[in-house]
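*Asks:* Structure incoming, see below.
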Amino acid sequence: MNLLPRRQSAGCSGSHKNDDLSQRSSSSQQSKSIWSRKLIGKKARKKAKEAPLKIERATFIVPIDIDDTIGFESTRTLLDTDSSDTESVKDGPVQEESLETGLTKCPWCQELVSEIALKEYSKGKKLLTVQMQKRFCEKHKKETAMDTWRERGYPHIDWERLERRFGDHRAYLSRVIDGKRSHFRDILEEKIETGQGRSLKKEGNLNPGYYGPRGGKLMQEYLVKEFSELLMEKAVSDHVIAGRGSAAFIQSVLVAELAVQLIMEDMDVSAAEARGIMEESKAVGEMIHEEV
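UniProt numbering puts the first residue of the sequence shown at 1, with every later residue one more than the last.
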């Protein structure tokens, strides 16, 4: 009776041993599997560390609408040009002309000028700023005006003595104010009657020929000082003076009449010839005798 339990106990013990063996075997396999995965993971990480880092270069994609707006040509122009003011590029034919005739184009007004003069002014600079272009243009125009002055025989003007010369013609100007007919008074009267020339800016007689704006200003100052009261008195009864006012009468009539008298003296010519000289010399006067 006592043996049976022992056998059963032995059987149970054997089965327990088998179970332990199978569990150990399974555990061993699992640990091997885990260990192999660890090895693989370590190798992969090691390879990843050893592999060189690959960096892809960033690219900028221009939106299509930008090209549609300004175009490829415009984009290139913005990148290639300098923001500073520069001289305009001369084309081929102009360069050929300059080599043949010694002339080139002014970078500002495009008139033909001396190539040597432009080179001397630029002092070796290939590019001229806008300000430099303007100054060169004024310089060559003034030089051309001086050449014209000499060719036409216009006189030297003594500015310090000029006002005393005005006084020599005071009597003549007083008669014009009193109603004496004169060339420029008649022109103003006709404009008043026909409704023309209401703006002083449109009057062509404001510039007294080769005396220029400088001479015109001196003449106006003298005439205002000498005749302003007389003109106010005459405006009551004189429709020509009243028609545009005293200031317009001075600028349109008296300045022109005084300039003609001076030119007659300077050039020893008649009144008609003096008026022609005054008209043809306005551009020269504006360039040489600027207002000071």
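Glycine is no exception: its CB is placed at the ideal position from the N, C-alpha and C atoms.
This one's a predicted model, so the numbers in the text were calculated from it and none came from an experiment.
Compute the Euclidean distance between the alpha carbons of Ile116 and Glu163, then round it to the nearest angstrom.
*Replies:* Near 41 Å, if we compare the C-alpha coordinates of Glu163 and Ile116.
*Asks:* Quick check on DSSP: helix, strand or coil for Lys126?
*Replies:* Three-state DSSP puts Lys126 in coil, outside helix and strand.
*Asks:* Just verifying my parser: in three-state terms, what is the DSSP assignment at Tyr112?
*Replies:* Per the sequence shown, residue 112 should be read as Leu rather than Tyr. Of the three classes helix, strand and coil, the one that applies to Leu112 here is strand, per DSSP.
*Asks:* Might you give, ordered along the chain, the residues of its own chain that have their beta carbon closer than 7 Å to the beta carbon of Glu291, omitting 5 neighbours on each side?
*Replies:* Result list for Glu291: Pro213, Arg214, Lys217, in chain order.
*Asks:* Any idea if His239 is buried or exposed, counting beta-carbon neighbours within 10 angstroms, 16 or more meaning buried?
*Replies:* His239 comes out exposed.
*Asks:* Decide yes or no for the touch test of the region 272-285 against the region 224-239: beta carbon pairs closer than 8 Å, at least 3 of them.
*Replies:* Cβ pair count under 8 Å is below three, so no.
*Asks:* From the DSSP output, read off the bridge partner residues of Leu103.
*Replies:* Note: Leu103 sits in a beta bridge opposite Ser114.
*Asks:* Taking the C-alpha atoms as reference points, what is the distance between Thr144 and Leu103?
*Replies:* Thr144 and Leu103: Cα-Cα distance of roughly 14 Å.
*Asks:* Give the single residue among Tyr210, Glu189, Glu265, Asp266 whose Cα lies nearest to the Cα of Ala248.
*Replies:* When only C-alpha atoms are compared, the closest one is Glu189.
*Asks:* What residue does the alpha helix (DSSP H) around Asp168 start on, and which one ends it?
*Replies:* Note, Asp168: premise wrong, no alpha helix (DSSP H); not H, not E.
*Asks:* How far does the alpha helix (DSSP H) with Gly212 in it reach, from first residue to last?
*Replies:* Taken as a continuous stretch (DSSP letters only), the alpha helix (DSSP H) holding Gly212 covers 212-234.
*Asks:* Less than 8 Å separating the beta-carbons of His183 and Arg275?
*Replies:* In contact: His183 and Arg275 (Cβ atoms closer than 8 Å).
*Asks:* Distance check for Ile241 and Val260, CA to CA, integer angstroms please.
*Replies:* When rounded, the distance between both Cα atoms is 20 Å.
*Asks:* Please name the residue, chosen from Tyr210, Gln251, Glu257, that lies closest to Val224 on a Cα-to-Cα basis.
*Replies:* Considering only alpha carbons, the answer is Gln251.
*Asks:* Under three-state DSSP, which class holds Ile64?
*Replies:* The predicted model places Ile64 with a pLDDT of 39, which falls under 50 and marks its position as unreliable; any figure quoted below should be read in that light. In the structure shown, Ile64 sits in a helix (DSSP, three-state: H, G or I).
*Asks:* For Lys180, count neighbouring C-beta atoms within 10 Å of its own C-beta (all shown protein chains included) and say buried if the count is 16 or more, exposed if not.
*Replies:* That one is exposed.
*Asks:* In whole angstroms, what separates the C-alpha of Val176 from that of Glu111?
*Replies:* Distance between the alpha carbons of Val176 and Glu111 is about 43 Å.
*Asks:* Note the first and the last residue of the continuous alpha helix (DSSP H) segment covering Ile241.
*Replies:* 239-244 is the extent of the alpha helix (DSSP H) around Ile241.
*Asks:* Give the single residue among Lys125, Gly195, Ser114 whose Cα lies nearest to the Cα of His140.
*Replies:* Nearest of Lys125, Gly195, Ser114 to His140, Cα basis: Ser114.
*Asks:* Would you check if the distance between the CB atom of Met219 and the CB atom of Leu258 is smaller than 8 Å?
*Replies:* In this structure, Leu258 lies closer than 8 Å to Met219 by Cβ.
*Asks:* Using a 10 Å radius around the Cβ and a threshold of 16 neighbouring Cβ atoms, would you call Gly153 buried or exposed?
*Replies:* The residue is exposed, with fewer than 16 neighbouring Cβ atoms inside 10 Å.
*Asks:* Tell me where the alpha helix (DSSP H) around Lys282 begins and ends.
*Replies:* Looking at the DSSP string, the run of the alpha helix (DSSP H) that includes Lys282 is 282-288.
*Asks:* Let me confirm a value: Asp186 is counted as buried when at least 16 other C-beta atoms fall within 10 Å, else exposed. Which label applies?
*Replies:* So Asp186 counts as exposed.
*Asks:* Quick check on this structure: which residue in Phe166, Pro155, Gln131, Lys119 has the alpha carbon closest to the alpha carbon of Asp268?
*Replies:* Minimum Cα distance to Asp268 is reached at Pro155.
*Asks:* From this set, Ala256, Asp178, Ala271, which residue's C-alpha is nearest Phe166's C-alpha?
*Replies:* Considering only alpha carbons, the answer is Ala256.
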